[in-house]
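Accompanying notes for the structure given below.
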Amino acid sequence: MVEIDGYNLPEDLYYHEEGRSWVKIEPDGKARVGLSDIAVKMAAEIIYIRLKPKGSTVEQGKGFGTMESAKWVGPLKSPVSGTIVQINDALTKKPDIIKKDPYGEGWAVLIQPTNLEGDLQKLIHTPEQLRSWVEREKANLQKK
Numbered sequence: 002m003v004e005i006d007g008y009n010l011p012e013d014l015y016y017h018e019e020g021r022s023w024v025k026i027e028p029d030g031k032a033r034v035g036l037s038d039i040a041v042k043m044a045a046e047i048i049y050i051r052l053k054p055k056g057s058t059v060e061q062g063k064g065f066g067t068m069e070s071a072k073w074v075g076p077l078k079s080p081v082s083g084t085i086v087q088i089n090d091a092l093t094k095k096p097d098i099i100k101k102d103p104y105g106e107g108w109a110v111l112i113q114p115t116n117l118e119g120d121l122q123k124l125i126h127t128p129e130q131l132r133s134w135v136e137r138e139k140a141n142l143q144k145k
């Protein structure tokens, strides 16, 4: 885990910059998806999370659900394309678990990917990319 300016970012994950989401490739090839520490801290209080149902197809950069927080309402964008094979029901019932453990208990959906190699090439992964991403996020926050 690397900490950059107060954001915890596990180095074994891939990150979708626009969606501020992460993906972990499981041993069986499925993709576990959730929201990064950046997204969680920017959202402040998370009020509601709705996830698309099992069997739904998602595309990279498109919504796999929606989130309402004290500061923002909008889509949760997927880092990979595929079919949702499992959702984290605990997250929809108790969305605050994402604040305590965004990379563990706070995961959102499990996806059977359809274009994993191509999708991963478009994501942030290296420590240098992570640092640059945090710098861009900080600059965007200062503009607001």
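Going by the working numbering, the sequence shown opens with residue 2, and the numbers climb by one from there. Backbone N, C-alpha and C define an ideal beta-carbon position, used for all residues, glycine too.
Run of the alpha helix (DSSP H) containing residue 117, from where it starts to where it stops: Note, residue 117: alpha helix (DSSP H), 117-122.
Cβ shell of residue 57 (< 8 Å), same chain only, five flanking positions each side left out: Correct list, in chain order: 65, 84, 85.
Proximal residues to residue 2 (C-beta, below 8 Å), its chain only, five neighbours per side dropped: Excluding the 5 residues flanking it on each side, residue 2 has same chain C-beta neighbours closer than 8 Å at 9, 10, 11, 12, in chain order.
Unbroken beta strand (DSSP E) run spanning residue 84, endpoints: DSSP places residue 84 inside the beta strand (DSSP E), whose first and last residues are 83-88.
Opening and closing residue of the alpha helix (DSSP H) in which residue 143 lies: Run containing residue 143: 128-144, per the alpha helix (DSSP H) assignment.
CA nearest to the CA of residue 111, picked from 87, 125, 130: When C-alpha distances from residue 111 are compared across 87, 125, 130, the shortest belongs to 87.
C-alpha gap between residue 128 and residue 78, whole angstroms: When rounded, the distance between both Cα atoms is 22 Å.
Inter-residue CB distance, residue 20 and residue 107 (contact presumed, cutoff 8 Å): About 15 Å; that fails the 8 Å criterion.
Simplified DSSP state of residue 95, which is helix, strand or coil: In the structure shown, residue 95 sits in coil (DSSP, three-state: anything other than H, G, I, E or B).
As assigned by DSSP and simplified to three states, the class of residue 45: In this structure, residue 45 counts as coil in the three-state DSSP scheme.
Contacting residues, own chain, Cβ-Cβ under 8 Å from residue 60 (five flanking each side not counted): Here the set comprises 79, 82.
Residue 78, DSSP secondary structure in three states: The answer is strand: DSSP assigns residue 78 an E or B state.
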